[in-house]
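Going by my numbering, the first residue of the sequence shown is number 14, and it counts up by one from there.
Think of the CB as a built atom: it goes at the ideal place given N, C-alpha and C, for glycine as much as any other residue.
Each remark here refers to the structure printed beneath this line.
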Amino acid sequence: MKAMILAAGLGTRLRPLTDDRPKALVEVAGCTLLEITIRRLASFGIRDVIVNVHHFADLVVEYLKTNANFGSRVEISREDVLLDTGGGFKKAAWFFADSQDPFVLHNVDVLSTIDLGRMVQFHREHEALVTLAVQRRETSRYLLFDEEDRLCGWLRGRDQAPEIARPAGDTLALAFSGIHVISPKFVKLMSEDGVFSIIDTYLRLAAAKEKILAFRADEYYWRDLGKPQNVAQAEHDIERQILRL
């Protein structure tokens with residue numbers, strides 16, 4: 014299996030930790046977010062990885078070279094202009110051209126114990142186009158799923174107004190974790206170009222009745238590391254052995 018680590022963001026919310034480095038090189042308990050993500054993927058047997066870079070890109074490249082890619086095979090996708098999640102993935106899609114297996118898309122700034130092995134198995138068993146790890150927790154933007162755990166819309170904007178991509182009965186609002194499992198045929202279904210969110214592609218494909226499913230990850234540890242206080246809380250969790258890297 015292969016994976017992509019989304020690491021090109023400016024890390025604005027992480028300042029001042031990102032004043033002199035990209036968010037991928039911010040440390041938690043002595044390990045960078047990039048190292049944690051690469052080693053976590055490797056623990057599930059995923060050692061073919063591509064990382065997109067933009068902000069302080071050369072620092073990431075040199076860091077990986079100095080550390081021998083932490084034992085994995087790592088490619089770099091440079092973005093001269095930030096392309097958002099969808100545009101960034103599409104630019105790097107060549108990396109998955111020969112893939113017969115599903116692949117993982119993983120934000121660099123999330124820390125979790127979500128079982129990727131179980132998630133991939135769920136994805137295969139349900140013959141999904143895309144599987145999204147989700148949880149019941151507070152967030153600024155919710156995805157909406159129907160009774161069959163299929164994506165059907167999202168809650169958008171400050172008023173959390175629902176936008177429905179595919180009509181459904183009762184819906185459940187869940188928080189997305191930033192971890193995806195994607196089938197190879199998804200690449201050919203991407204019609205968007207330039208700068209765009211991959212969520213927009215998912216919603217369009219959900220409207221076309223493609224199977225984009227929720228993988229419930231409520232029992233697992235998860236933390237967004239987009240803010241300095243969240244990094245500090247993660248270190249506290251490690252000290253208290255709530256989390257082990």
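Query, Result
"Identity of the residues DSSP links to residue 175 by a beta bridge", "168"
"Simplified DSSP assignment, three categories, for residue 148", "strand"
"Neighbour-count burial assignment, residue 97, 16 or more Cβ in a 10 Å radius", "buried"
"Where the alpha helix (DSSP H) through residue 330 begins and ends", "The structure shown does not extend to residue 330, since the chain is modelled only from 14 through 258, so no value can be given for it."
"Continuous alpha helix (DSSP H) stretch holding residue 51: start and end", "46 to 56"
"Counted within 10 angstroms of its Cβ, other Cβ atoms place residue 148 as buried (16 or more) or exposed", "buried"
"Within-8 Å CB hit, residue 89 to chain D", "Among the protein chains of the structure shown there is no chain D, as only one such chain exists."
"The beta strand (DSSP E) enclosing residue 15, as first and last residue numbers", "15 to 19"
"CA-to-CA distance, residue 225 to residue 4, given in whole angstroms", "Given a span of 14 to 258 for the chain in the structure shown, any question on residue 4 remains unanswerable."
"Proximity below 8 Å, CB of residue 219 to CB of residue 185", "no"
"Alpha-carbon to alpha-carbon, residue 77 and residue 83", "7 Å"
"For residue 191, the three-state DSSP class (helix, strand or coil)", "strand"
"Residue 19 CB to nearest heavy atom of the ligand ATP below 7 Å", "For the structure depicted, the ligand ATP is absent and the ligand set is empty, with no information on it obtainable."
"Whole runs of the alpha helix (DSSP H) within the region 87 to 123, excluding any shorter than 4 residues", "97 to 104"
"Closest Cα partner of residue 34 within the set 107, 106, 68 and 258", "68"
"The region 228 to 242 / the region 116 to 123 touching (three or more Cβ pairs under 8 Å)", "yes"
"Counterpart residues of residue 63 in DSSP-defined beta bridges", "17 and 88"
"Helix, strand or coil at residue 42 according to DSSP, with G and I counted as helix", "coil"
"Exposure label - residue 162; buried when at least 16 CB within 10 Å", "buried"
"Three-state class that DSSP yields for residue 162 in the structure shown", "coil"
"Residue 256, DSSP secondary structure in three states", "coil"
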